[in-house]
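K.L.:
Numbering (our numbering), first residue to last: -10 to 140.
We put the CB at the ideal spot given by N, CA and C, even for glycine.
Remember, predicted model here, so these are calculated numbers, not experimental data.
#1: Whole-angstrom Cβ separation of residue 138 and residue 14, contact assumed at under 8 Å?
#2: Spatial neighbours of residue 72 within its chain, please: C-beta separation below 7 Å, excluding the five flanking residues on both sides.
#3: In angstroms, rounded to a whole number, what distance separates the CA positions of residue 58 and residue 77?
#4: DSSP state of residue 36, grouped into three classes?
#5: Identify which residue in 97, 24, 112, 37 has its Cα closest to the Cα of residue 136.
#6: Taking 7 Å as the cut-off, is the CB of residue 104 close to at least one heavy atom of the ligand SAM?
#7: So who's on the other strand from residue 51, going by DSSP bridges?
#8: Can you tell me the Cα-Cα spacing of residue 41 and residue 65, whole angstroms?
#9: Do you know offhand how far residue 55's Cα is from residue 49's?
Here it is, written out as structure tokens:
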């Protein structure tokens, strides 16, 4: 009887622990690649070395109490970050495939380094603001890599 009770207790503990909520920390790596013609843009990979608590810069509006958040932009700004130079997609001759391959190698190196530190790649989000016709010399391609690991 004692063995059965012990077995049931161990099964219950095991069952409970399988539903325990894991707690994660997250890290975002942002890659900005210029798609400005003639290679005039700037391309970078950015990783922050500082944290911010979003609550300090958030206000809640209800319609009755519409007080704006008066946070100073300087308090929000992060000065501690890693900035890795990347190559632009275009040069004077047009699209430069060697530059794209070089960027891929650098970003892959970062992803592999993060993985070696126990980070899992959880999400990838990308967006583009591209050349919009004559006179529009702007364009960037932004990719955000979101990593997570158990705390």
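P.N.:
Well, looking at it:
#1: About 6 Å; that satisfies the 8 Å criterion.
#2: Taking residue 72 as the centre and dropping the five residues before and after it, the same chain places the C-beta of 33, 35 closer than 7 Å to its C-beta, in chain order.
#3: Looking at the two C-alpha atoms, the distance is approximately 37 Å.
#4: Strand, per DSSP.
#5: Comparing alpha-carbon positions, the option among 97, 24, 112, 37 lying closest to residue 136 turns out to be 112.
#6: In the structure shown, the ligand SAM is absent, as is every other ligand, since no ligand is present at all.
#7: In the DSSP output, where bridge partners are listed per residue, residue 51 has none listed.
#8: If I take the Cα positions, the gap works out to 7 Å.
#9: Distance between the alpha carbons of residue 55 and residue 49 is about 8 Å.
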